[in-house]
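Residue numbers (the numbering used here): 55 to 167. The C-beta atom is built at its ideal place from N, Cα and C for all residues, glycine as well. Since the structure is predicted, the reported quantities are computational estimates derived from the model, not experimental observations. What follows is one structure encoded as structure tokens, with my remarks underneath.
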């Protein structure tokens, strides 16, 4: 039996071990996969509050009043934001909002327009 370890495609742990001829398992996240099956990830997957997948260039609507640090008023619920850009991190949407300028939003506070 081979002692070769493979990187987990789910959590990127380097400790994936062979469970048989074709199956590997990750001790950190519990993921099981077959390295011969090529799964193409589309990269970053960001979903809105309703579970819809967002893409670069989409328009979204803010579903909750969001306070803005340093601004006298919040971004109101119902504000439409056009042409979003998706990023990694906590605030995974970069956008420009009229009256506020460039800012980052969390996808859990928007829905697809």
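Backbone CA spacing between residue i and residue j [nearest angstrom]
| i | j | result |
| --- | --- | --- |
| residue 133 | residue 152 | 9 Å |
| residue 149 | residue 72 | 44 Å |
| residue 118 | residue 99 | 22 Å |
| residue 121 | residue 131 | 11 Å |
| residue 159 | residue 82 | 30 Å |
| residue 167 | residue 104 | 11 Å |
Where residue i falls: helix, strand or coil (DSSP)
| i | result |
| --- | --- |
| residue 113 | coil |
| residue 162 | helix |
| residue 60 | strand |
| residue 107 | strand |
Residues near residue i by beta carbon distance below 6 Å, same chain, minus five either side
| i | result |
| --- | --- |
| residue 62 | 70, 80, 85 |
| residue 110 | 139, 140 |
Beta-carbon contacts of residue i that lie in its chain and below 7 Å, excluding the five residues immediately before and after
| i | result |
| --- | --- |
| residue 96 | Low confidence applies to residue 96: its pLDDT is 49, below 50, so where it sits in the model is not reliable, and the reading given next is rough at best. Closer than 7 Å at the Cβ level, and outside the excluded window around residue 96, lies no residue. |
| residue 161 | 100, 101, 102, 108, 146, 147 |
Which listed residue (the options) has its alpha carbon closest to that of residue i
| i | options | result |
| --- | --- | --- |
| residue 137 | 68, 157, 119 | 157 |
Start-to-end residues for the beta strand (DSSP E) that takes in residue i
| i | result |
| --- | --- |
| residue 149 | 147-151 |
Within-9 Å CB hit, residue i to chain C
| i | result |
| --- | --- |
| residue 105 | In the displayed structure, chain C is absent; only one protein chain is listed. |
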